[in-house]
Amino acid sequence: MKLTDANSNRHVSYKQTIIAVIVVTISMVFSVCLWWILQRHPSTFVDKTMKKECPTCLKSTTTTTTATTTITATTTSTTTTTTTTATTTTATTTTTITATTTSTTTTTTTTTTTTTTTTTTTTTTTTTTTTTTTTTTTTTTTTTTTTTTTTTTRTATTKIAIPEIPVNARWEQSGVTVAGGNGEGDVTDQLSNPEGLFIDDDEKTVVIADWGNHRIVQWKVGNRSGHVIAGGNGQGSRLDQLDRPTDVLIDKETDSLIICDRWNRRIARWSRRTGANQGEILINNIFCRGLAMDDERYLYVSDTNKHEVRRYQMGDKNGTLVAGGKGPGAGLNQLKMPAYLFVDRQQSVYVSDMENNRVMKWNKGATEGIIIAGSQDYGNARTQSIHPSGLIVDSLGTLYIVETANDRVMRWTQGAKQGIIIVGGNGKGKEANQFEHPRGLSFDRQGNLYVVDENNNRVQRFSIQ
Numbered sequence: 001m002k003l004t005d006a007n008s009n010r011h012v013s014y015k016q017t018i019i020a021v022i023v024v025t026i027s028m029v030f031s032v033c034l035w036w037i038l039q040r041h042p043s044t045f046v047d048k049t050m051k052k053e054c055p056t057c058l059k060s061t062t063t064t065t066t067a068t069t070t071i072t073a074t075t076t077s078t079t080t081t082t083t084t085t086a087t088t089t090t091a092t093t094t095t096t097i098t099a100t101t102t103s104t105t106t107t108t109t110t111t112t113t114t115t116t117t118t119t120t121t122t123t124t125t126t127t128t129t130t131t132t133t134t135t136t137t138t139t140t141t142t143t144t145t146t147t148t149t150t151t152t153t154r155t156a157t158t159k160i161a162i163p164e165i166p167v168n169a170r171w172e173q174s175g176v177t178v179a180g181g182n183g184e185g186d187v188t189d190q191l192s193n194p195e196g197l198f199i200d201d202d203e204k205t206v207v208i209a210d211w212g213n214h215r216i217v218q219w220k221v222g223n224r225s226g227h228v229i230a231g232g233n234g235q236g237s238r239l240d241q242l243d244r245p246t247d248v249l250i251d252k253e254t255d256s257l258i259i260c261d262r263w264n265r266r267i268a269r270w271s272r273r274t275g276a277n278q279g280e281i282l283i284n285n286i287f288c289r290g291l292a293m294d295d296e297r298y299l300y301v302s303d304t305n306k307h308e309v310r311r312y313q314m315g316d317k318n319g320t321l322v323a324g325g326k327g328p329g330a331g332l333n334q335l336k337m338p339a340y341l342f343v344d345r346q347q348s349v350y351v352s353d354m355e356n357n358r359v360m361k362w363n364k365g366a367t368e369g370i371i372i373a374g375s376q377d378y379g380n381a382r383t384q385s386i387h388p389s390g391l392i393v394d395s396l397g398t399l400y401i402v403e404t405a406n407d408r409v410m411r412w413t414q415g416a417k418q419g420i421i422i423v424g425g426n427g428k429g430k431e432a433n434q435f436e437h438p439r440g441l442s443f444d445r446q447g448n449l450y451v452v453d454e455n456n457n458r459v460q461r462f463s464i465q
């Protein structure tokens, strides 16, 4: 009986042990399967589980869920003790869910860790699931810097250089050589029969039409030599050449030289900018001698073949007749070998009517001119102007004129019947108070007088007193 009971008890104990082992085994299999699913489909599992078990969990910023299951089987026997130790399995699953809105970045991390099963006579299975949601907000500040650059462009306005000379002004009688004076030649400190000139007060330079050297040269006041700014490549008709130029002016609007390229029968323009090595043709087929420009940048050109003066708008090839044009003659509507020009602010044109030994004034739109100096007689009296060349009119309307054949410069006030010698008139010569065939003249802003002394190959300055 005791044996039967003992066997019976032992049998029951074996059953209980087997049941416990089966339970532990099932738990282990379940744990392994759960770990495998979480590794292969973490997001699906978490999404389904959270929706099913806790629909509000997805709306929460931070949620922690912990589940613990414990199974315990205990068997006690006085005779036999069976101890079963199960394998310990640890499963860790990390799931990241990232949601992005306009200004917030949310990172959700789900970590499942630690599944441990231990069976001795006691079997314990513990499953812990931890879900952590971390919300991170990143603020990005963008700074935009706007830089505004203001560029001021100053356009040069062409204004006629009209000197303001006092009515009783006087000049030193001995001139100072400011260009050339070293004999005739083509090196940088020499000139060869120069004719026209232009004074650039802004840069304090004298620009000279160096007729015999087929070039335009520029001399800085005070320098002993000049430099070539147009031509200088021998006599010729190429765009980089000139042929006996007789007059020149500066167009401030385009910072360029306008040149009377006489023996090429054209008006050429050369840029004053660095690197310019040739010119362009503005007007062709004109036997020009003198140039002038008014406040509106109209260009005036004398033509000694047609005995006329024409006004040109930039780009115009034909121009408009403003003086002469009736053939050579001494009538008031005629000119004969017109040379140098001056235009005042009313666009009246003053002409050196060279072969008629007079200076004519043609008002704007007039069909006839007015004699304002000289006569048709050939002589050296102060009432006569012999071969007039360079001329200029000051702000008072006083005329200053070079008399080439008389080697002097004269001043004629408005309405005067005769002129006054202001410099020269001391016979032909090379002295500081003499000229030999003077040509062009001009004034600077201070009223100092500049005269081209052609046959002495120099430019003389006479300081105002």
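FYI, the UniProt record's numbering numbers position 10 of the sequence shown as 10, with every residue one higher than the one before it.
The beta-carbon is built from N, C-alpha and C at its ideal position, and this holds for glycine as well.
Fair warning: this is a prediction, and the values are worked out from it, not measured in the lab.
Alpha carbon to alpha carbon, how far is Gly295 from Val301? Correcting the residue identity first, residue 295 is Asp in this sequence and not Gly. C-alpha separation (whole angstroms): 15 Å.
Using only the alpha-carbon positions, how far apart do Ala169 and Gly325 sit? 37 Å
Can you give me the C-alpha to C-alpha distance between Glu164 and Arg445, rounded to a whole angstrom? 8 Å
Looking at the secondary structure, which residues open and close the beta strand (DSSP E) in which Leu441 lies? 438-443
Roughly how many angstroms lie between the CA atoms of Cys33 and Thr25, to the nearest whole one? 12 Å
Neighbourhood of Asn193 by C-beta distance below 6 Å, restricted to the same chain and skipping five residues each side: Trp211, Gly212, Glu454
Tell me which same chain residues have a C-beta within less than 6 Å of the C-beta of Lys204, skipping the five on either side of it? Val221
Distance between Trp362 and Asp251 (C-alpha atoms, nearest Å): 23 Å
Along the beta strand (DSSP E) that carries Gly369, what are the first and last residues, could you check? Unbroken run through Gly369: none, as it is neither H nor E.
8 Å Cβ cutoff met for Arg269 and Ile258: yes
Cβ neighbour criterion (16 or more within 10 Å) applied to Ser463: exposed
Short CB-CB distance (under 8 Å) between Glu195 and chain B: Here there is only one protein chain, and chain B is not present.
DSSP three-state assignment for Val29, whether helix, strand or coil: helix
I'd like to confirm the pairing. Which residues does DSSP put opposite Arg272 in its beta bridges? Arg272 is not bridged to any residue.
Among Trp263, Arg224, Asn223, Ser225, whose alpha-carbon lies nearest the alpha-carbon of Gln241? Trp263
Do Asn357 and Ile401 come within 8 Å of each other at the CB atom, strictly closer than that value? no
Taking the C-alpha atoms as reference points, what is the distance between Tyr450 and Val409? 10 Å
Rank Ile283, Leu341, Arg289, Lys306 by C-alpha distance to the C-alpha of Gly319 and give the top, closest one. Ile283
So, using beta-carbon positions, are Met354 and Pro388 closer together than 8 Å? yes
Around the C-beta of Glu253, are 16 or more other C-beta atoms found within 10 angstroms, so that it is buried, or is it exposed? exposed
Quick one, which of Met293, Ala179, Asn277, Leu197 has its alpha-carbon nearest Gln346's? Met293
Closest to Gly419 by C-alpha separation, out of Ala432, Asn426, Glu403, would be which residue? Glu403
Per DSSP, Trp362 forms a beta bridge with which residues? Val349
Endpoints, the beta strand (DSSP E) within which Asn284 is located: 280-284
So, helix, strand or coil for Arg215, using DSSP? strand
Alpha-carbon to alpha-carbon, Val248 and Ser225: 19 Å
Just tell me which of Ile422, Ala339, Ala432 has its CA closest to the CA of Arg439. Ala339
Using the three-state DSSP reduction, which class does Glu454 fall into: helix, strand or coil? helix
Give the C-beta separation of Val359 and Val309 to the nearest angstrom, bearing in mind that I take them to be a contact with Cβ-Cβ under 8 Å. About 13 Å; that fails the 8 Å criterion.
On the DSSP letters alone, give me the boundaries of the beta strand (DSSP E) that Thr320 sits inside. 320-324
Per DSSP, what kind of secondary structure is residue 468 in: helix, strand or coil? Residue coverage of the chain in this structure runs from 1 to 465, which leaves residue 468 outside it and unanswerable.
Per DSSP, which one or two residues make a beta bridge with Asp261? Arg266
Roughly how far, in whole angstroms, is the beta-carbon of Thr235 from the beta-carbon of His214, given that I think they are within contact range, below 8 Å? Checking the sequence shown, residue 235 turns out to be Gln, not Thr. Contact holds; Cβ gap of about 5 Å.
Range of the contiguous beta strand (DSSP E) that encloses Trp171: Segment: none, Trp171 is in no beta strand (DSSP E) and carries neither H nor E.
Quick one, are the C-beta atoms of Leu197 and Val423 less than 8 Å apart? no
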